[in-house]
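Here the structure comes first, spelled out in structure tokens, and everything after it is commentary.
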Amino acid sequence: MLKPAAKSTEKPADPVVLVVDDDISVREALSSLIRSVGLQVQTFSSAQEFLAQRRTDGPSCLVLDVRLPGQSGLSLQNQLAAVDYQIPIIFITAHGDIPMTVQAIKAGAIEFLTKPFNERDLLEAIYQAIERDAATRKHESRIAELRNR
């Protein structure tokens with residue numbers, strides 16, 4: 000399961016976009032697109048590989064394919080919610096339908112994009128997700144400060 004982020008007193012970490020897709024060409028294309036706008040990116044080929052990594056220190060979001068080997072993206076979304084790992088999720092899929100979209104959005108996904116999608120739509124969703132995560136982290140930090148008084 001995801002390891003907690005390292006505690007640090009240094010400046011806040013840069014935002015990072017986490018991409019989970021079993022297709023290497025999709026991972027490489029998304030990585031190139033995301034880096035082209037100056038954001039950091041980490042890619043994973045499966046839900047299990049993603050779960051083995053350490054949580055990010057700074058604002059982040061998860062670009063998640065619905066169909067993955069072993070564990071679906073929707074199942075991963077539910078697993079993250081069950082352990083209170085709050086990260087904005089943007090779903091991408093070549094096989095989406097309305098019930099699947101509704102399920103993902105009701106469970107808290109920021110966006111549900113069908114491949115092939117417009118790069119601008121994905122980048123807008125990523126920026127929105129990172130802003131939301133940064134605001135959540137700031138709010139949680141303030142609450143922690145108040146509790147420690």
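Residue numbering for the sequence shown is 0 to 148, as defined by numbering that gives the first Met the number 0. Ideal Cβ placement from N, Cα and C applies to all residues, glycine included.
DSSP lists no beta-bridge partner residue for F116. Two segments are said to touch when three or more pairs of C-beta atoms, one from each, lie closer than 8 Å; by this definition the segment 81–97 touches the segment 122–141. Check the Cα spacing between K114 and each of D132, G95, A108: the tightest is with G95. Close CB contacts of T135 within its chain, under the 7 Å cut and outside five residues either way in sequence, are with Q85 (chain order).
Using a Cβ-Cβ distance cut-off of 8 Å, the segment 94–113 and the segment 45–54 are not in contact, since fewer than three pairs of beta carbons, one from each stretch, lie closer than that value. Taking a contact to require three or more Cβ pairs closer than 8 Å, the segment 73–80 and the segment 22–34 do not qualify as touching. Contact between L122 and L61 does not hold, since their C-beta atoms are separated by about 15 Å, which reaches or exceeds 8 Å. Closest in C-alpha terms to L112, from the list A124, K105, A106, comes A124.
Annotation: E48 to A108 spans about 20 Å, alpha carbon to alpha carbon. Contact check for D132 against L63 fails: the beta carbons are separated by 9 Å or more.
If you compare the alpha carbons of L29, S30, L38, S74 with that of L50, the shortest gap goes to S74. When DSSP assignments are scanned along the segment 29–79, the uninterrupted stretches of beta strand (DSSP E) that are 3 or more residues long and fall wholly within it turn out to be 39–43, 59–64. Beta-bridge partners assigned by DSSP to T92: T113.
Here E110 is buried, its C-beta having at least 16 other C-beta atoms within 10 Å. A distance below 6 Å between beta-carbons, with the five flanking residues on each side excluded, links D13 to the following residues of its chain, in chain order: Q39, G57.
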